[in-house]
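S.K.: What follows is a single structure, and I will ask about it in a moment.
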Amino acid sequence: MKRRLATILAIGLAVSTVGGATTAFAEEGDEFVITSVIASEPETLDPNLESSVDGATYSMHMFENLMKYELSDENATEDNDSVKLLEVTYGQAESYEVSDDGLTYTFTLRDDIYWSDGVAVTAADFEYSWKRIVDPSNAADYGYILDGVVLNASAIQAGEAEPDTLGIEAVDDTTLVITLEAECPYFLGLCAFAALMPIREDIIEEYGTEWTDPGNMVSNGAYVLSAWEHDSYIEMVQNEYYYDNASVGPDRLVWQLQDSESAILAAYQADEIDFSSTVSTEQLESLVASGDCYLPDEIGTYYLYLNCDNIPDWRVRAAITLVIDRDNIVDNVTQGGQTPATGLVAAGTTTSDGTEWTEYVGDAMFSALAEMYPDYDLTTYSGRCELAVALLDEAVADGYDTSTTIDYEYNTSEAHQAIAEAVQADVADVLGLSITLNNSEWQTYTNNLGEGNFGMARLGWIADYDDASTYIELFTNGNSYNYSNWVNDEYTDLVTEFKALSGGSERDELMKEAEYMLFGEGGFAVCPIYFYTDPYLLHDGIDNIGYTPLGYFIMTYATQAE
93 MKRRLATILA IGLAVSTVGG ATTAFAEEGD EFVITSVIAS EPETLDPNLE SSVDGATYSM
153 HMFENLMKYE LSDENATEDN DSVKLLEVTY GQAESYEVSD DGLTYTFTLR DDIYWSDGVA
213 VTAADFEYSW KRIVDPSNAA DYGYILDGVV LNASAIQAGE AEPDTLGIEA VDDTTLVITL
273 EAECPYFLGL CAFAALMPIR EDIIEEYGTE WTDPGNMVSN GAYVLSAWEH DSYIEMVQNE
333 YYYDNASVGP DRLVWQLQDS ESAILAAYQA DEIDFSSTVS TEQLESLVAS GDCYLPDEIG
393 TYYLYLNCDN IPDWRVRAAI TLVIDRDNIV DNVTQGGQTP ATGLVAAGTT TSDGTEWTEY
453 VGDAMFSALA EMYPDYDLTT YSGRCELAVA LLDEAVADGY DTSTTIDYEY NTSEAHQAIA
513 EAVQADVADV LGLSITLNNS EWQTYTNNLG EGNFGMARLG WIADYDDAST YIELFTNGNS
573 YNYSNWVNDE YTDLVTEFKA LSGGSERDEL MKEAEYMLFG EGGFAVCPIY FYTDPYLLHD
633 GIDNIGYTPL GYFIMTYATQ AE
């Protein structure tokens with residue numbers, strides 16, 4: 093899932109006010125309110141149409157899927173027991189059965205689940221949502237998420253079948269049958285995925301695009317939307333009809349909408365914010381030392397798109413990828429415990445037998461180049477720079493114009509700016525190429541990505557589930573996240589082939605082959621920079637925050653520290 097704006101999450105014990113109400117529990121008996129910051133103004137609160145970590149986080153508090161995330165007993169980090177890892181368990185479903193061939197899942201819904209207006213949740217609400225997201229007319233960024241997984245999803249996305257043919261059927265109000273194209277090792281994870289939450293068809297028909305406004309939106313999760321002051325804050329209150337209210341902690345959640353890391357740190361230091369997953373790199377070391385900052389692992393990759401239309405020679409794209417000093421970026425720029433990327437698929441992803449993916453594939457980013465150019469030592473930065481210069485020389489001999497200025501786009505963030513400046517310096521120093529840096533607010537930025545208005549552009553991808561395919565399929569022909577506009581039929585066919593397999597070593601090998609192909613001759617549409625951690629700041633006072641290495645902090649079960 094994209095964004096990783098330096099995704100900001102903040103929890104407040106402070107006595108500030110939002111919407112005229114106190115956002116803290118300053119005195120015993122006060123309302124328990126958590127104030128958070130996860131990003132600036134979201135593109136949407138429509139689960140089917142969201143595409144970012146912050147959007148998914150909002151949805152996970154207001155909606156609930158067949159499966160859900162709940163607290164485990166395991167700490168997210170060894171040095172802090174206030175934040176617990178989350179695990180997938182039953183949500184709106186009370187049980188499921190799987191056919192002998194692994195292709196049919198029959199879910200039985202709970203009999204005590206209701207929308208926030210008191211209307212019963214039915215299997216038809218799930219059927220409607222899943223068919224809506226794959227309908228090409230809705231242009232959902234995650235429209236591809238069921239491709240090769242649920243029956244007919246790929247054909248529907250390609251315009252070769254109607255949405256009604258998707259392999260999902262509400263047999264009755266409490267029985268939902270889902271038919272798969274092939275056995276899917278991560279299917280239950282998808283059943284907890286934010287973009288596949290149930291949605292009420294009658295609400296959308298009544299309100300259209302305004303269905304996500306306060307007063308119009310109905311939700312089936314722990315919270316319901318009570319206010320949305322654009323570019324200021326989002327507020328949620330407990331859903332009185334939620335079946336598990338006894339487990340819900342905060343009475344109210346307030347999400348401040350901002351993206352200035354320095355302002356957030358100042359608010360934290362002023363006790364106006366008590367939890368933030370955006371941490372000033374300049375202060376990181378001291379904040380860790382003081383016990384304010386913690387560094388849980390996250391399955392995510394920070395990378396750059398290299399636009400194949402604006403940088404058409406793959407050798408130039410490879411040269412840029414080679415000269416970026418990733419060790420310098422993680423040691424001296426981000427300083428958050430990140431590790432230099434060795435490929436697109438993030439550390440923490442595992443193979444079918446549980447092996448760490450990065451150990452299984454090795455240095456995916458430079459393995460093909462090492463075979464093609466054996467005279468260069470690509471295990472060293474100097475060796476990579478030597479090959480980069482040679483590749484650029486080859487491209488120049490074939491007509492590449494080195495006077496061309498490359499536009500580097502990033503969404504507004506002090507951290508992204510610092511990384512961009514480091515990349516700009518490396519490319520100029522080693523290759524002599526000129527890069528112009530341009531930043532914009534998130535919504536403008538994503539529009540520019542979609543329109544291809546860049547030479548280079550940053551993004552972060554946090555795994556949607558523990559499987560390498562969540563990364564590899566991003567660069568198939570026509571994928572909504574293939575902003576580089578890379579076209580490779582062999583690669584796309586390879587992805588289709590491994591998605592038809594249920595798991596095992598053969599599938600792992602095909603995914604490995606695909607990742608190598610991404611960084612072979614004709615490739616380098618993407619330039620991985622580092623693998624994420626998810627630093628957060630935390631004051632004393634709140635326990636039982638939930639966290640998953642897929643990038644979500646969940647406040648639903650939070651409690652006041654004793």
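Numbers 93 to 654, taken from the working numbering, label the letters of the sequence shown in order.
For every residue, glycine included, the Cβ atom is placed at its ideal position computed from N, Cα and C.
Being a predicted model, the structure only gives us computed values, none of them experimental.
Between P277 and D600, is the Cβ-Cβ spacing less than 8 Å?
M.R.: Against a cut-off of 8 Å, the Cβ pair of D600 and P277 comes out as no contact.
S.K.: Can you find the residues in the same chain that come closer than 6 Å, C-beta to C-beta, to E149, ignoring five residues on each side of it along the sequence?
M.R.: The sequence shown places Thr at residue 149, rather than the Glu named in the question. Excluding sequence neighbours, T149 sits near I130 and Y644.
S.K.: Where does Q184 fall in DSSP's three states?
M.R.: Note: Q184 maps to coil in three-state DSSP.
S.K.: According to DSSP, what are the bridge partners of G638?
M.R.: Answer is K176 and I646.
S.K.: How is the beta strand (DSSP E) around V129 delimited, first residue to last?
M.R.: V129 -> beta strand (DSSP E) spans V125 to A131.
S.K.: Give the DSSP-derived three-state secondary structure of A460 in the structure shown.
M.R.: Reduced to three states, the DSSP call for A460 is helix.
S.K.: Less than 8 Å separating the beta-carbons of C477 and V522?
M.R.: Their beta carbons are under 8 Å apart, which means C477 touches V522 by this criterion.
S.K.: For T127 and I365, which I take to be in contact (beta-carbon distance under 8 Å), what is that distance rounded to the nearest angstrom?
M.R.: Confirmed, about 7 Å.
S.K.: For the stretch 209-295, list the beta strand (DSSP E) runs that are entirely contained and at least 3 residues long, ordered along the chain.
M.R.: Qualifying beta strand (DSSP E) stretches, in chain order: 260-264 and 267-271.
S.K.: State the DSSP-derived secondary structure class of F155, mapped to helix, strand or coil.
M.R.: Coil.
S.K.: Does DSSP put Q330 in a helix, a strand or coil?
M.R.: Note: Q330 maps to strand in three-state DSSP.
S.K.: Taking 8 Å as the cut-off, decide whether the C-beta atoms of F567 and A507 are in contact.
M.R.: Taking 8 Å as the Cβ cut-off, F567 and A507 do not qualify as a contacting pair.
S.K.: Would you mind sorting Y649 into buried or exposed? The rule is 16 or more other CB atoms within 10 Å of its CB.
M.R.: Counting Cβ neighbours within 10 Å, Y649 comes out buried, since at least 16 surround it.
S.K.: Pull up the CB-CB distance for A655 and L268, whole angstroms please, since I reckon it's below 8 Å.
M.R.: With the chain running from 93 to 654 in the structure shown, residue 655 is simply not present.
S.K.: Report yes if the CB atom of Y502 is closer than 8 Å to the CB atom of R550, and no otherwise.
M.R.: Their beta carbons are under 8 Å apart, which means Y502 touches R550 by this criterion.
S.K.: Which residue wins for smallest C-alpha separation from R202, given the options D193, E374, V211 and Y182?
M.R.: Checked all of D193, E374, V211 and Y182; the closest Cα to R202 is Y182.
S.K.: Output the boundary residues of the alpha helix (DSSP H) element that contains Q516.
M.R.: Unbroken alpha helix (DSSP H) run through Q516: E506 to L523.
S.K.: Is W320 helix, strand or coil by DSSP?
M.R.: It is a strand residue.
S.K.: Considering only the alpha carbon of each residue, which of F458, E135, G446 and S372 lies closest to A433?
M.R.: Comparing Cα positions, the closest option is F458.
S.K.: Would you mind reading off the limits of the beta strand (DSSP E) that contains S532?
M.R.: Segment I527 to S532, the beta strand (DSSP E) holding S532.
S.K.: Can you grab the Cα-Cα spacing for the pair T651 / A314, in whole Å?
M.R.: Distance between the alpha carbons of T651 and A314: 15 Å.
S.K.: Give me the residue from G638, A287 and E513 with the minimum Cα distance to Y220.
M.R.: It is A287 whose Cα lies nearest to the Cα of Y220.
S.K.: Based on the DSSP secondary-structure assignment, which residues constitute the bridge partners of L137?
M.R.: For L137, which the question treats as bridged, DSSP gives no partner whatsoever.
S.K.: I'd like to know whether the C-beta atoms of A168 and L158 end up nearer to each other than 8 Å.
M.R.: No. Outside cutoff.
S.K.: Within 8 Å, do at least three Cβ pairs link the stretch 183-196 to the stretch 296-303?
M.R.: The stretch 296-303, when compared against the stretch 183-196, does not touch it at the 8 Å Cβ threshold.
S.K.: Exposed or buried, V175, counting other C-beta atoms within 10 Å across all chains shown (16 or more means buried)?
M.R.: Flag for V175 reads buried.
S.K.: Would you grab the beta carbon distance between E605 and L586 for me? Rounded to a whole angstrom, and I think it's under 8 Å.
M.R.: Their Cβ separation, rounded to whole angstroms, is 6 Å, which keeps E605 and L586 in contact under 8 Å.
S.K.: Could you name the residues of the same chain whose beta carbon sits closer than 8 Å to that of D336, not counting the 5 residues immediately before and after it, in chain order?
M.R.: Result list for D336: A314, in chain order.
S.K.: To the nearest angstrom, report how far apart D417 and V329 are at their CA atoms.
M.R.: Straight-line Cα distance between these residues: approximately 46 Å.
S.K.: With distances taken Cα to Cα, identify the nearest neighbour of V578 among D556, C619 and N539.
M.R.: The sequence shown places Trp at residue 578, rather than the Val named in the question. Residue C619 is the option with its Cα nearest to W578.
S.K.: Kindly identify the DSSP beta-bridge partner or partners of V453.
M.R.: Answer is none; V453 lacks a bridge partner.
S.K.: Is DSSP giving W578 helix, strand or coil here?
M.R.: DSSP places W578 in coil when its eight states are reduced to three.
S.K.: Leaving aside the five residues before and after Q88 along the sequence, list all residues of the same chain whose C-beta is less than 8 Å from its C-beta, in chain order.
M.R.: Because residue 88 is not part of the residues shown, which for the chain are 93 to 654, the question remains open.
S.K.: Relative to the alpha-carbon of E589, which residue among L398, D239, I205 and L376 has its alpha-carbon at the smallest distance?
M.R.: Nearest option by C-alpha distance: D239.
S.K.: Write down the C-beta distance between V422 and Q430 rounded to the nearest angstrom, noting that I regard them as a contact closer than 8 Å.
M.R.: Confirmed, about 5 Å.
S.K.: Taking the straight line between their C-alpha atoms, what separation do you get for D233 and E654?
M.R.: Computed Cα separation, rounded: 43 Å.
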